[in-house]
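**Student:** Dumping the structure here so I can ask a few things about it.
Residue numbers (the working numbering): 770 to 876.
This is the structure:
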């Protein structure tokens with residue numbers, strides 16, 4: 770939004786004394802999986818990722834999120850395996866999405 774690089778934003782947030790950092794809303798889990806190597810390379814604080822259930826699409830007069838619970842959990846597993854400390858969901862996620870993510874982190 771500001772035109773800064775991810776690395777610049779991470780450095781500024783860590784310099785400001787945050788306890789954790791990450792992404793919430795705006796993108797789906799696949800986009801965060803793609804960004805994770807960059808986060809991991811520059812962040813020293815725990816990472817938190819709370820993506821939407823995919824990118825929104827406008828269908829039949831409604832905004833819809835097309836990533837179902839199983840596909841969402843599959844991508845969230847990749848984030849967990851990559852060292853993300855906090856996992857959640859934002860727009861388009863349902864209790865079923867979150868239940869599957871909770872089940873995977875309890876393993």
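Every residue gets a Cβ at the ideal spot worked out from N, C-alpha and C, and that includes glycine. These numbers were taken from a predicted model, which means no experiment stands behind them.
Check residue 831 in the structure and name its three-state DSSP category.
**Tutor:** The answer is strand: DSSP assigns residue 831 an E or B state.
**Student:** Would you mind working out which of 780, 784, 805 sits nearest residue 792, comparing C-alpha positions?
**Tutor:** Taking only the C-alpha atoms, the option nearest residue 792 is 805.
**Student:** Buried or exposed for residue 819, please, with buried defined as at least 16 other CB atoms from any protein chain shown within 10 angstroms of its CB.
**Tutor:** It counts as buried.
**Student:** In terms of alpha-carbon separation, which member of 798, 807, 831 lies closest to residue 857?
**Tutor:** It is 798.
**Student:** For the beta strand (DSSP E) containing residue 801, name the first residue and the last one.
**Tutor:** Unbroken run through residue 801 is the alpha helix (DSSP H), 798-811; no beta strand (DSSP E).
**Student:** Round the Cβ separation of residue 803 and residue 866 to the nearest angstrom and send it over; I've been treating them as touching at under 8 Å.
**Tutor:** The pair is not a contact, with the Cβ atoms about 20 Å apart (cut-off 8 Å).
**Student:** Taking C-beta to C-beta, are residue 869 and residue 839 nearer than 8 Å?
**Tutor:** In contact: residue 869 and residue 839 (Cβ atoms closer than 8 Å).
**Student:** How would you call residue 836, buried or exposed, if buried means at least 16 neighbouring beta carbons within 10 angstroms?
**Tutor:** With 16 or more Cβ atoms within 10 Å of its Cβ, residue 836 is classed as buried.
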